[in-house]
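Protein chains in written order, with the working numbering: chain G, 1 to 132; chain Z, 133 to 430.
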Amino acid sequence: MSSDAFMISQSDKRPIYLQIMEQIKRRVAVGDWPESHPLPSIRQLAVDLQVSVITVKRAYLELEREGVIVTQQGKGSRVAPNPGLGMRLQQQELQKHLEQAIRLSAVLGLQHEELEDRLREVSDNVAAKEQQ
Amino acid sequence: MTDLAIKLDGVGKSYRYFTLDNIHLEVPAGQIVGLIGPNGAGKSTTIRILLGLVHQDRGDVRVLGHRMPAEQIAAKWDIGFASEDMRLYEGMTLDWHMGFIRSIYPKWDAAYAQLLQKRFGLRGDQPIKGFSHGQRVKATLLLVLARKPRLLVLDEPTTGLDPVARHEVLRELTAVMNDEGRSILFSSHNTQDVEQISDQITFIDRGRIIDSMDKETYLDRWRRLRLEVPSGVELPLLPGIIRIQQNGRLAIATANAFVPELANAYENTGARVHSVENMTLEEIFVANVEHSREEVEV
């Protein structure tokens with residue numbers, strides 16, 4: 001349940017609740033917080049992060065809506081008991097990056113074929129670097 | 133129904149050159165409420181009225197269930213107040229001050245006081261006159277925090293502190309919220325502090341409350357839209373938009389009641405929406421004050 005490695009960035013322009021959501025999702029995605037893992041209480045996390053209770057509450061509500069966590073009255077919140085949740089979150093992350101790439105390439109006026117070529121090129125570069 | 137630590141209803145106070153007008157303010161138990169306003173807006177007057185230090189001309193003030201100023205003596209056991217102009221005894225040490233407060237308030241928590249003294253890096257055996265500004269502020273806060281009052285009222289608690297001291301103070305304030313029965317009202321013009329730790333935000337300007345809302349809703353409603361406008365077209369002031377600044381083909385629309393449909397509505401006028409940006413509390417604060425002053429003048 002430790003919230004030690006949570007960090008809110010003042011220079012990050014996104015709202016604090018989104019930063020909290022993202023950090024929780026990342027823990028779930030990498031498997032640090034497996035299915036049914038208990039989350040810190042809202043008040044505890046607010047104190048640890050030195051942010052307001054309402055901000056953490058908002059983050060938990062949105063995570064619940066997205067099906068990442070479940071909250072039971074009086075028992076607190078835990079990671080949703082949903083096999084494959086970590087994988088799903090990683091897929092979502094990939095999807096987001098792909099959409100961003102599509103949007104940027106549209107701004108640059110790239111055709112889909114050109115984008116595919118670029119992707120292949122990047123992929124080769126990454127593979128080459130990892131072999132070193 | 134939530135318990136209210138503070139409830140101000142239609143409170144007013146008139147001075148020769150300043151009027152505090154029809155103030156409504158609620159501080160729910162277990163929450164941190166930030167009071168923001170420019171210099172001279174009425175923050176300190178509001179705080180002094182709810183402490184019973186200044187008597188209102190009209191309106192109802194209740195603090196921790198006590199009617200103020202009539203029942204201020206009963207209320208004060210559970211209120212901790214700290215402000216910049218509070219004086220410590222220059223010739224006396226911090227230890228002496230702690231002993232003094234402890235002799236008055238039975239709820240004094242000596243272990244917590246010691247912990248705070250260590251965290252704040254204050255010497256107990258040093259006379260106050262050798263303390264820096266930051267050390268004085270921290271000493272004053274220590275004396276208030278270690279009493280464990282149910283309500284903390286802090287007038288500009290972080291003004292003049294260096295970043296490390298500010299951080300230490302904010303940490304102790306948020307730590308108070310571990311206890312759901314305790315509440316904090318603090319005034320500040322440091323919007324970054326307010327944005328970080330408040331649950332509710334109240335804006336005050338020229339003696340009036342111009343907005344009061346939970347922080348998340350508040351930050352959600354304000355947006356800045358960057359638009360590209362076809363030449364010759366003038367953007368309409370849609371509902372929810374308080375201001376449009378247009379320069380050539382580029383325009384910025386500021387929304388105080390943003391909904392995604394607003395962006396679509398502008399696209400329908402032929403404009404292109406480049407981005408929809410969140411605003412910091414500081415930007416909202418300035419836009420809000422300017423907008424409310426314009427409205428008053430119209």
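The beta-carbon is built from N, C-alpha and C at its ideal position, and this holds for glycine as well.
- DSSP places residue 352 of chain Z in the uninterrupted alpha helix (DSSP H) bounded by 347-353.
- Under the Cβ criterion (8 angstroms, minimum of three pairs), the region 29-39 of chain G counts as touching the region 71-80 of chain G.
- Per DSSP, residue 409 of chain Z lies in no alpha helix (DSSP H); the unbroken beta strand (DSSP E) holding it starts and ends at 404-410.
- Within chain Z, not a single residue places a beta-carbon under 7 angstroms from that of residue 24 of chain G; the smallest gap is close to 17 angstroms.
- Residue pairing by DSSP places residue 195 of chain Z opposite Z:138, Z:198 in a beta bridge.
- Interface residue (Cβ-Cβ distance to chain Z less than 8 angstroms): residue 128 of chain G is not classified as such.
- The Cβ of residue 111 of chain G sits no closer than 8 angstroms to any Cβ of chain Z.
- Leaving aside the five residues that flank residue 328 of chain Z on each side, none in its chain has a CB nearer than 6 angstroms to its CB.
- Along the region 285-304 of chain Z, going in chain order, the ones with a CB nearer than 9 angstroms to a CB of chain G are 299, 302, 303.
- Annotation: the region 16-104 of chain G contains the following complete segments of the alpha helix (DSSP H) (minimum length 4 residues), in chain order: 16-30, 42-49, 53-65.
- Chain-ordered, the chain G residues with CB closer than 7 angstroms to the CB of residue 307 of chain Z read 47.
- Interface with chain G (8 angstroms Cβ-Cβ cutoff): residue 347 of chain Z is included.
- Rounded to whole angstroms, the gap between the alpha carbons of residue 101 of chain G and residue 122 of chain G is 13 angstroms.
- Interface flag for residue 329 of chain Z against chain G is set, since a Cβ pair is found closer than 8 angstroms.
- By alpha-carbon distance to residue 206 of chain Z, the top candidate from Z:348, Z:292, Z:355, Z:281 is Z:281.
- DSSP links residue 145 of chain Z through a beta bridge to Z:152.
- Neighbours of residue 164 of chain Z in chain G, taken as residues at a C-beta separation under 7 angstroms, are given in chain order as 52.
- The Cβ atoms of residue 375 of chain Z and residue 406 of chain Z lie no closer than 8 angstroms to each other.
- Taking 8 angstroms as the cut-off, the Cβ atoms of residue 192 of chain Z and residue 141 of chain Z count as close.
- For residue 13 of chain G, the chain Z residues whose Cβ falls inside 9 angstroms of its Cβ are 409, 410, 412, in order along the chain.
- DSSP places residue 283 of chain Z in no alpha helix (DSSP H) but in the uninterrupted beta strand (DSSP E) bounded by 283-287.
- For the region 53-69 of chain G, the residues whose beta carbon sits under 7 angstroms from a beta carbon of chain Z are, in order, 53, 54, 55, 58.
- Remark: fewer than three beta-carbon pairs, one from each stretch, lie closer than 8 angstroms, so the region 273-287 of chain Z and the region 17-36 of chain G are not flagged as touching.
- By the criterion of a C-beta distance shorter than 8 angstroms, residue 144 of chain Z is surrounded in its chain by 151, 152, 153, 154, 155, 188, 189, 190, 191, once the five residues flanking it on both sides are discounted.
- Within the same chain, Cβ atoms closer than 7 angstroms to the Cβ of residue 317 of chain Z are found at 138, 159, 165, 167, 285, the five residues on either side in sequence being excluded.
- Under the Cβ criterion of 8 angstroms, residue 322 of chain Z is not counted among the residues facing chain G.
- Within the DSSP bridge table, the entry for residue 225 of chain Z names Z:259 as partners.
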